[in-house]
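Residue numbers 12 to 443, in the working numbering, belong to the letters of the sequence shown in order.
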Amino acid sequence: MEKNCSREEPCFSPQREYEAPKNTNLRSAIFFKLFLITIFLIIPYNFYSQSVTLEYSGDDNYILTERTDLRRYENNRYIGLTKREVRSFISPSYYNGDNYYEGYFYVEQDTMHLSSTVDEGIHDAIVSSFKITQNGEMVMIEDNGYPSFRSFPSFPKDPIQKGDTWTAKAVRAVDPTGDGIITRMPIYIQYTYTGDKIFNERPVLVVKAAWATRYGSGTSSFDYEGDKNLKAATGKHDAKLYIDKETGAALLIQDQVDESFTYQNGNKIAFKGTISLFTDYPSGVNEEEILPVINQILAQAETQSDIEYEKTELGYMLVIRDLQFVANRAELLPDEKNRLGQIAALLKKVPDNQILIEGHTARVGDESDEMDLSLNRARTIVKELVKRGVNKDNLITKGSGGTKPVADNDTPEGRARNRRVEITILTNTKGN
Numbered sequence: 012m013e014k015n016c017s018r019e020e021p022c023f024s025p026q027r028e029y030e031a032p033k034n035t036n037l038r039s040a041i042f043f044k045l046f047l048i049t050i051f052l053i054i055p056y057n058f059y060s061q062s063v064t065l066e067y068s069g070d071d072n073y074i075l076t077e078r079t080d081l082r083r084y085e086n087n088r089y090i091g092l093t094k095r096e097v098r099s100f101i102s103p104s105y106y107n108g109d110n111y112y113e114g115y116f117y118v119e120q121d122t123m124h125l126s127s128t129v130d131e132g133i134h135d136a137i138v139s140s141f142k143i144t145q146n147g148e149m150v151m152i153e154d155n156g157y158p159s160f161r162s163f164p165s166f167p168k169d170p171i172q173k174g175d176t177w178t179a180k181a182v183r184a185v186d187p188t189g190d191g192i193i194t195r196m197p198i199y200i201q202y203t204y205t206g207d208k209i210f211n212e213r214p215v216l217v218v219k220a221a222w223a224t225r226y227g228s229g230t231s232s233f234d235y236e237g238d239k240n241l242k243a244a245t246g247k248h249d250a251k252l253y254i255d256k257e258t259g260a261a262l263l264i265q266d267q268v269d270e271s272f273t274y275q276n277g278n279k280i281a282f283k284g285t286i287s288l289f290t291d292y293p294s295g296v297n298e299e300e301i302l303p304v305i306n307q308i309l310a311q312a313e314t315q316s317d318i319e320y321e322k323t324e325l326g327y328m329l330v331i332r333d334l335q336f337v338a339n340r341a342e343l344l345p346d347e348k349n350r351l352g353q354i355a356a357l358l359k360k361v362p363d364n365q366i367l368i369e370g371h372t373a374r375v376g377d378e379s380d381e382m383d384l385s386l387n388r389a390r391t392i393v394k395e396l397v398k399r400g401v402n403k404d405n406l407i408t409k410g411s412g413g414t415k416p417v418a419d420n421d422t423p424e425g426r427a428r429n430r431r432v433e434i435t436i437l438t439n440t441k442g443n
């Protein structure tokens with residue numbers, strides 16, 4: 012029987028009764044409200060979770076490499092491509108809230124300098140020491156021109172989020188003419204935190220940095236200990252940085268350079284290209300492999316004091332005492348070559364590690380002569396090791412003269428102990 016329909020009691024078809032539009036609208040409204048509530052809850056959480064506080068806390072040995080690929084112009088005339096690589100091994104010690112460091116810097120590649128000695132495996136260490144505060148400020152203690160970038164990067168005190176910018180002062184050490192006179196230029200860098208990624212299996216912050224080069228005439232910056240012939244410097248830099256979230260170390264910096272230097276005589280030198288800086292960590296050492304070789308070397312020594320072994324903050328060190336050189340010269344006597352053959356066999360087991368060869372003399376004469384003699388003797392050791400197949404690219408020489416005595420110079424026995432060569436496999440001993 013057909014049902015009568017009225018305004019008070021409208022009719023519905025069975026299909027429309029099944030769709031129940033009023034219930035569907037209610038569910039949609041509830042869902043939408045829950046969605047809005049969820050969004051309002053999630054957005055503040057994500058916003059908060061993106062805040063990052065950056066601090067420098069590096070406390071491991073590390074390797075810093077600076078690679079330069081710049082087109083060089085002199086008085087607007089293209090000269091050629093300047094390719095240069097500076098490597099270093101840097102070791103920290105912690106004191107009074109700051110990280111103190113000593114770095115052994117050396118030029119691995121330089122098209123204009125050291126080409127013959129580098130072929131022989133001679134990389135003389137340029138020693139610099141400094142401290143780094145938690146916000147990344149670098150304070151030089153012994154400044155021999157390296158590292159080239161100081162207090163770069165620097166971090167703000169407050170937490171940062173993606174898109175935030177901050178400005179900090181840094182210093183750049185330059186030697187445009189290559190004559191060894193270092194000029195230190197203050198720079199003011201604007202940083203922008205742009206994102207996050209994984210780099211070399213480590214979480215990093217991606218930060219952009221830009222600054223203008225302004226030095227000399229018309230500015231308030233002038234290095235009175237630098238190159239007095241450098242009149243002015245201008246230009247711009249745009250860099251991308253990958254900053255380790257855990258340690259604050261800049262694992263990679265890629266700096267695009269467009270810069271010129273004007274001298275008092277009117278000459279102008281300009282550079283365009285890229286400077287890249289890499290922070291890496293030294294290869295570990297398999298003690299089960301090298302310690303038997305070290306023990307064999309020690310066992311074959313004529314006396315127990317001829318060769319000693321020590322594990323130091325820098326790495327694994329062999330101390331070779333009273334090496335027989337021609338008096339006051341860097342020429343090694345033939346009888347010593349057997350010892351160096353044994354040591355070469357050891358060093359070939361660590362082909363990825365840098366090796367520091369440090370010469371020492373007794374303090375009996377002129378200090379500068381002793382320093383030169385100790386360095387030249389270290390170079391002699393390097394040449395002998397290279398002849399025996401040790402990787403020349405990883406060898407660093409350093410002369411300390413008589414500045415680090417381990418015994419009394421007033422006795423023949425003490426002087427014999429002070430005349431020594433220390434050969435250190437540079438590594439991160441905390442991981443071994």
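Backbone N, C-alpha and C define an ideal beta-carbon position, used for all residues, glycine too. In this text, all values refer to a predicted model and were calculated from it rather than measured experimentally.
- Within the same chain, and ignoring the five residues on either side of V304 in sequence, the residues whose Cβ sits closer than 6 Å to its Cβ are L357.
- In this structure, T194 sits near D234, with a CB-CB distance shorter than 8 Å.
- Taking the Cα positions, V296 is about 7 Å away from V361.
- Look at D383 here: in three-state DSSP terms it is helix.
- In the same chain as F210, and ignoring 5 residues on each side of it, the C-beta atoms closer than 7 Å to its own belong to Y253, L262 and L263, in chain order.
- Scanning the stretch 138-175 from its first residue to its last, the whole beta strand (DSSP E) runs of 3-plus residues come out as 149-153.
- CA-CA distance, K242 to I301, rounds to 54 Å.
- Per DSSP, the unbroken beta strand (DSSP E) holding P214 starts and ends at R213 to G227.
- Note that the C-beta distance between G400 and K359 is below 8 Å.
- The way I'd put it, the stretch 182-189 does touch the stretch 157-171; three or more beta-carbon pairs between them come closer than 8 Å.
- Of H134, D269 and I308, the smallest CA-CA separation from E96 is found for H134.
- Rounded to the nearest angstrom, the Cβ distance from L437 to Q365 is 4 Å, consistent with a contact under 8 Å.
- DSSP places V393 within a helical segment (H, G or I) once states are collapsed to three.
- Ranked by Cα distance from Y89, the options K168, M328, P423 and G284 are led by G284.
- Note that the C-beta distance between Q311 and S287 is not below 8 Å.
- Residue A244 holds the alpha-carbon nearest to the alpha-carbon of E270 among I192, E153, A244 and V217.
- Going by beta carbons, V218 and T230 fall outside the 8 Å limit.
- Shown here for S104: same chain residues with a beta carbon closer than 6 Å to its own, the five before and five after excluded, namely Y111 in chain order.
- Nearest neighbour of A355 by Cα position, chosen from T422, G69, K256 and E395, turns out to be E395.
- In the DSSP assignment, the residues bridged to R431 are R332 and H371.
- Within the stretch 223-280, not a single complete alpha helix (DSSP H) segment reaches 4 residues in length.
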